[in-house]
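Q: Quick note: the sequence shown uses full-length UniProt numbering, first residue 1, plus one each step. Note that the Cβ used here is the ideal one computed from N, Cα and C, for glycine as well. The structure displayed is predicted, hence computed values, not measured ones. Have a look at this one.
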Amino acid sequence: IAATQPSTNWHLKENAREHHTSKFSSEELIVRRGQAFTVTFNGTERPEQNLIFIAETGPKPSKATKTLATFDISSTVSKEGWSAVLQSTSSNSVSISISSPQNAIIGRYRLSVQSGSSSPASLGTFVLLFNPWSSGDDVFMPNKAECEEYVLEEFGIIFAGNKNHISSFGWNYGQFQGDILNICLSIMDRSLYYRQDPVTDVSHRHDPRYLGRVLSAMVNANDDQGVVRGNWSGKYEDGKNPSSWTGSGEILQSWKKSGFKPVKFGQCWVFAAVLTTVLRCLGIPTRTITNFSSAHDADGNLRVDEFYDAEGNHLERGADSVWNFHVWNESWFTRNDLGPSYSGWQILDATPQEQSGGIYQCGPASRHAIKEGDVDLDYDGPFVFAEVNADCMYWNYDAATGKKTLIFSKSTEIGDSISTKAVGRDDRVDVTRDYKYEEGSAKERDIFKKARKKLGLEDKFDPTAPKLEEIEQKPDISGKFKVAGSLEVGKDLNLLLVLENLQSDAKTVNVNMTAWSTLYTRRRVNQIWKDSISVTLAPKEEKQFPIKIKYPEYQQQLTTDKTIQVTALCHVENGIQVLVKRNITLDNPGIDIQVLGEAKVNKEVVVEVAFTNPIDTEVKDCVLQVEGSDLLQGVLEFRLPPLKASEKSSTKFKLIPSEAGPKHLLVNFSCDKFADIKTFKVVNVIN
Numbered sequence: 001i002a003a004t005q006p007s008t009n010w011h012l013k014e015n016a017r018e019h020h021t022s023k024f025s026s027e028e029l030i031v032r033r034g035q036a037f038t039v040t041f042n043g044t045e046r047p048e049q050n051l052i053f054i055a056e057t058g059p060k061p062s063k064a065t066k067t068l069a070t071f072d073i074s075s076t077v078s079k080e081g082w083s084a085v086l087q088s089t090s091s092n093s094v095s096i097s098i099s100s101p102q103n104a105i106i107g108r109y110r111l112s113v114q115s116g117s118s119s120p121a122s123l124g125t126f127v128l129l130f131n132p133w134s135s136g137d138d139v140f141m142p143n144k145a146e147c148e149e150y151v152l153e154e155f156g157i158i159f160a161g162n163k164n165h166i167s168s169f170g171w172n173y174g175q176f177q178g179d180i181l182n183i184c185l186s187i188m189d190r191s192l193y194y195r196q197d198p199v200t201d202v203s204h205r206h207d208p209r210y211l212g213r214v215l216s217a218m219v220n221a222n223d224d225q226g227v228v229r230g231n232w233s234g235k236y237e238d239g240k241n242p243s244s245w246t247g248s249g250e251i252l253q254s255w256k257k258s259g260f261k262p263v264k265f266g267q268c269w270v271f272a273a274v275l276t277t278v279l280r281c282l283g284i285p286t287r288t289i290t291n292f293s294s295a296h297d298a299d300g301n302l303r304v305d306e307f308y309d310a311e312g313n314h315l316e317r318g319a320d321s322v323w324n325f326h327v328w329n330e331s332w333f334t335r336n337d338l339g340p341s342y343s344g345w346q347i348l349d350a351t352p353q354e355q356s357g358g359i360y361q362c363g364p365a366s367r368h369a370i371k372e373g374d375v376d377l378d379y380d381g382p383f384v385f386a387e388v389n390a391d392c393m394y395w396n397y398d399a400a401t402g403k404k405t406l407i408f409s410k411s412t413e414i415g416d417s418i419s420t421k422a423v424g425r426d427d428r429v430d431v432t433r434d435y436k437y438e439e440g441s442a443k444e445r446d447i448f449k450k451a452r453k454k455l456g457l458e459d460k461f462d463p464t465a466p467k468l469e470e471i472e473q474k475p476d477i478s479g480k481f482k483v484a485g486s487l488e489v490g491k492d493l494n495l496l497l498v499l500e501n502l503q504s505d506a507k508t509v510n511v512n513m514t515a516w517s518t519l520y521t522r523r524r525v526n527q528i529w530k531d532s533i534s535v536t537l538a539p540k541e542e543k544q545f546p547i548k549i550k551y552p553e554y555q556q557q558l559t560t561d562k563t564i565q566v567t568a569l570c571h572v573e574n575g576i577q578v579l580v581k582r583n584i585t586l587d588n589p590g591i592d593i594q595v596l597g598e599a600k601v602n603k604e605v606v607v608e609v610a611f612t613n614p615i616d617t618e619v620k621d622c623v624l625q626v627e628g629s630d631l632l633q634g635v636l637e638f639r640l641p642p643l644k645a646s647e648k649s650s651t652k653f654k655l656i657p658s659e660a661g662p663k664h665l666l667v668n669f670s671c672d673k674f675a676d677i678k679t680f681k682v683v684n685v686i687n
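Here it is as structure tokens:
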């Protein structure tokens, strides 16, 4: 090779098209493993003679750790290692087709070429990613529409609310925007695993199972100064309220800009959405999953215990809890460690709930293993199994005596309406049946017993016999809360308490009722209302008692999660207590987006966002945030003047779309009375 540095043509456009990496906006070559890419370089003499290529990655490249490969020109693609096939030569340049193995380590590589005895000359760097389009890759996904959704789609829908009232909001994953790929590569290099042993860590980066686990730890800030700091206090003054984010890009960019200090603040959907961005960026098919009535079983007995006092107040005793919803991830890859039936969707959870192996990480747990009760298989099976399957025990707790009495238990409460976004459509798909057999079926109970047995939780004599204080008596009455009217922030809350006497003699019942504002984790924040009534129910009689909680009563107390827990503890004379409870999520008022004119690539188009104040008092501190991949760079923020009662605000701004196709514009509006009103609009961009 001549003394001059060779100049390299990476054929960025053609290679990107072949490798499904066109959406990255990079001057660097980004390709997928197990597939050929073309590179042309000049500055070589007699090129076809003994050229040797060197591809290396990580801090100390070596052949032993597969972080260094040397290969010469051959006539065919190697099945095992790296290979180079001559495409064409001219007097001073040579075109080569380079192929990496299907299980190559992913990350940034340095490529150089050596001729004869001269020293190697650098051709530059490229980034190698997972390849779900290649049948030999651990992340191979045979369905092309699923590849499009779970790797290439930058917009997502996250489901929230509660099982009686599922709501949803859009999210901009933005995995191909700006500097996100470089930030994802930095995340890997800042993990505890890398810091302890960089050489070994990099040598494991061929394995989606390993990277999924490492990244589930790195997306939360616990242990390792990772990306997002969790906060479930209801107080977010020194950071951003978790419900105010509309995409991952701003979070990942902030983490980098601050010198890799954790971004404040996140809750479960933020951790899951950021992990989706990172894994899709690296080429691992990933989606977000919402589980309603999700158990956090802290002590590993596949049971959650909830305690109430005589007034019906939900007490914070014990570490177990049930969340209105919890969001985690599924990623698609093979489980060579467990066997073929456990391949496919794997559960990862970046929300810091319990430690696993000494740090806050969770998964990958095979979804098939969870459904079949194989909780002994790696990783974190018991915790994930409990999230969707735990039995609930409701106790009355007397602080004076320390006595606890079982009110009732329920095996069908946990793991409801497990949801994800549909492929290619903005709809909800229910995947509950992929996590468990039908609630109440014999098969579902068998699997639950199997899981308990594997965890050594079964009694040797009679596995189903409860302890003495756990024996349930049959209640004399039943009760439920019904919603009467709309559930909207700014309107009065109207409920009915329905009580029914199940016996053929009259019953006197003393009812203690409370309403608390809560977080979505059902953690109590402020008491809103309490009342007590005494009622007599004739034999088999059903009675309804209307409850009205006025907007001014709850407005100051409501959290930004807009959730209220109402309980009625019914003390039946000479009978057992009955607990009636309901978790209510209020809806925000609507917000309207209009695109004024046709949206064309590289042409300005005006968008108008309108909000009408629905309450009879002024709202202030109004802020509008807007973002959308391929529609605008970063996040636009507008501070708006106060709005009087029933007044309408209208904000106009310009977009310059950069790519054709259906693009999603996300809007978030906040003020002092309404937190984070979210909506999105599909903008069809034409060339």
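First and last residue of the beta strand (DSSP E) that includes tryptophan 255?
A: No beta strand (DSSP E) contains tryptophan 255, which is instead part of the alpha helix (DSSP H) from 249 to 257.
Q: Out of Asp505, Ile584 and Gly415, which has the shortest C-alpha to C-alpha gap to glutamate 488?
A: Cα-wise, what sits closest to glutamate 488 is Ile584.
Q: From the beta carbon of glycine 156, is the nearest beta carbon of chain B less than 8 Å away?
A: Among the chains of the structure shown, chain B does not appear; only one protein chain is present.
Q: Using the Cα positions of proline 6 and glutamine 114, report the straight-line distance between them to the nearest angstrom.
A: Each residue's alpha carbon lies about 11 Å from the other.
Q: What does DSSP give as the partner residues of histidine 314 in its beta bridges?
A: Per DSSP, Tyr308.
Q: Reducing DSSP to helix, strand and coil, say where lysine 436 ends up.
A: In the structure shown, lysine 436 sits in coil (DSSP, three-state: anything other than H, G, I, E or B).
Q: Considering Cα atoms alone, identify which of Asp380, Ser341 and Ala365 is closest to glutamate 354.
A: Ranking Asp380, Ser341 and Ala365 by Cα distance to glutamate 354 puts Asp380 first.
Q: Run through the region 378 to 437 for me and flag every whole beta strand (DSSP E) of 3 or more residues, listed as ranges in chain order.
A: Qualifying beta strand (DSSP E) stretches, in chain order: 391 to 398, 403 to 410, 416 to 421 and 428 to 430.
Q: In whole angstroms, what is the alpha-carbon distance linking threonine 288 and aspartate 426?
A: About 13 Å.
Q: Just to confirm before moving on: does the CB-CB distance between lysine 163 and aspartate 416 stay below 8 Å?
A: In this structure, aspartate 416 lies closer than 8 Å to lysine 163 by Cβ.
Q: Looking at C-alpha atoms only, which residue of Lys63, Ile284 and Arg582 is the closest neighbour of threonine 200?
A: For threonine 200, the nearest C-alpha among the options comes from Lys63.
Q: Using the three-state DSSP reduction, which class does valine 489 fall into: helix, strand or coil?
A: The answer is coil: DSSP assigns valine 489 none of H, G, I, E or B.
Q: Glutamate 604 by DSSP, collapsed to three states: which one?
A: Looking at glutamate 604 - three-state DSSP - the assignment turns out to be coil, as it is neither helix nor strand.
Q: Round the Cβ separation of threonine 38 and isoleucine 52 to the nearest angstrom and send it over; I've been treating them as touching at under 8 Å.
A: That belief does not hold up - the Cβ atoms of threonine 38 and isoleucine 52 are roughly 19 Å apart, past 8 Å.
Q: With a threshold of 7 Å on Cβ separation, who are the neighbours of glycine 312 within its own chain once the five nearest residues in sequence on each side are excluded?
A: The answer, listed in chain order, is Asn512, Met513, Thr514, Thr567, Ala568 and Leu569.
Q: Please classify threonine 67: is it buried, with 16 or more other beta-carbons within 10 angstroms of its beta-carbon, or exposed?
A: Buried, by the Cβ-count rule.
Q: Can you confirm whether the region 540 to 556 touches the region 439 to 458 when touching is taken to mean that 3 or more C-beta pairs between the two stretches lie within less than 8 Å?
A: Touching, no, given that fewer than three Cβ pairs across the two stretches are closer than 8 Å.
Q: Find out if the Cβ-Cβ distance for the pair isoleucine 564, serine 517 is shorter than 8 Å.
A: Their beta carbons are under 8 Å apart, which means isoleucine 564 touches serine 517 by this criterion.
Q: Going by Cα to Cα distance, which pick from Ser650, Lys371 and Ala350 is closest to cysteine 362?
A: Closest option to cysteine 362, Cα to Cα, is Ala350.
Q: Roughly how many whole angstroms lie between the Cα atoms of serine 135 and glycine 339?
A: Each residue's alpha carbon lies about 17 Å from the other.
Q: Just to confirm my understanding: we take proline 208, look at its own chain, exclude 5 residues before and 5 after, and list those with CB closer than 6 Å. What are they?
A: Correct list, in chain order: Asp138, Val139, Ile284 and Phe333.
Q: Drop a sphere of 10 angstroms on the beta-carbon of threonine 536, count the other beta-carbons inside from all chains shown, and report buried for 16 or more, exposed for fewer.
A: Burial call: exposed.
Q: Ordered along the chain, which non-local residues of its own chain (more than five positions away) have a Cβ less than 6 Å from that of isoleucine 656?
A: Same-chain partners within the cutoff: Glu604.
Q: How would you write the range of the beta strand (DSSP E) that tryptophan 516 sits in, first residue to last?
A: Here the beta strand (DSSP E) through tryptophan 516 covers 507 to 518.
Q: For alanine 675 and serine 649, which I take to be in contact (beta-carbon distance under 8 Å), what is that distance rounded to the nearest angstrom?
A: Rounded, the Cβ-Cβ distance is 17 Å, inconsistent with contact.
Q: Please state whether the Cβ-Cβ distance between isoleucine 54 and proline 120 is less than 8 Å.
A: Cβ distance < 8 Å, so isoleucine 54 and proline 120 count as in contact.
Q: By Cβ distance, which residues of its chain are closer than 7 Å to glutamate 80, with the 5 residues on each side in sequence left out?
A: If we look at glutamate 80 and ignore the five residues flanking it on each side, its Cβ neighbours are Pro101.
Q: Could you give the distance in angstroms between the alpha-carbon of histidine 19 and the alpha-carbon of serine 88?
A: Answer to the nearest angstrom: the Cα atoms are 21 Å apart.
Q: Report yes or no: do the region 185 to 204 and the region 290 to 302 share at least 3 C-beta pairs separated by less than 8 Å?
A: Touching, no, given that fewer than three Cβ pairs across the two stretches are closer than 8 Å.
Q: In the UniProt domain "Transglutaminase-like" (260 to 352), which residue ranges form an unbroken alpha helix (DSSP H) of at least 4 residues, counting only runs that do not cross its ends?
A: Qualifying alpha helix (DSSP H) stretches, in chain order: 268 to 282.
Q: Taking DSSP as the reference, what is the three-state secondary structure of tyrosine 109?
A: If DSSP states are grouped into helix, strand and coil, tyrosine 109 belongs with the strands.
Q: Hey, which unbroken runs of the beta strand (DSSP E) at 3 residues or more fall wholly within the region 22 to 100?
A: Whole beta strand (DSSP E) segments, 3+ residues: 29 to 32, 36 to 42, 51 to 57, 68 to 74, 83 to 89 and 93 to 99.
Q: Could you pull the start and end residues of the beta strand (DSSP E) that proline 662 belongs to?
A: Proline 662 -> beta strand (DSSP E) spans 661 to 670.
Q: Quick one: Cα of leucine 185 to Cα of glycine 107, how far?
A: Their Cα atoms are separated by approximately 7 Å.
Q: For a test of the three-state rule: what should DSSP assign to phenylalanine 545, helix, strand or coil?
A: It is a strand residue.
Q: Look up glutamate 500 in the DSSP assignment and give the residues it is bridged to.
A: Bridge partners of glutamate 500: Ser478 and Glu542.
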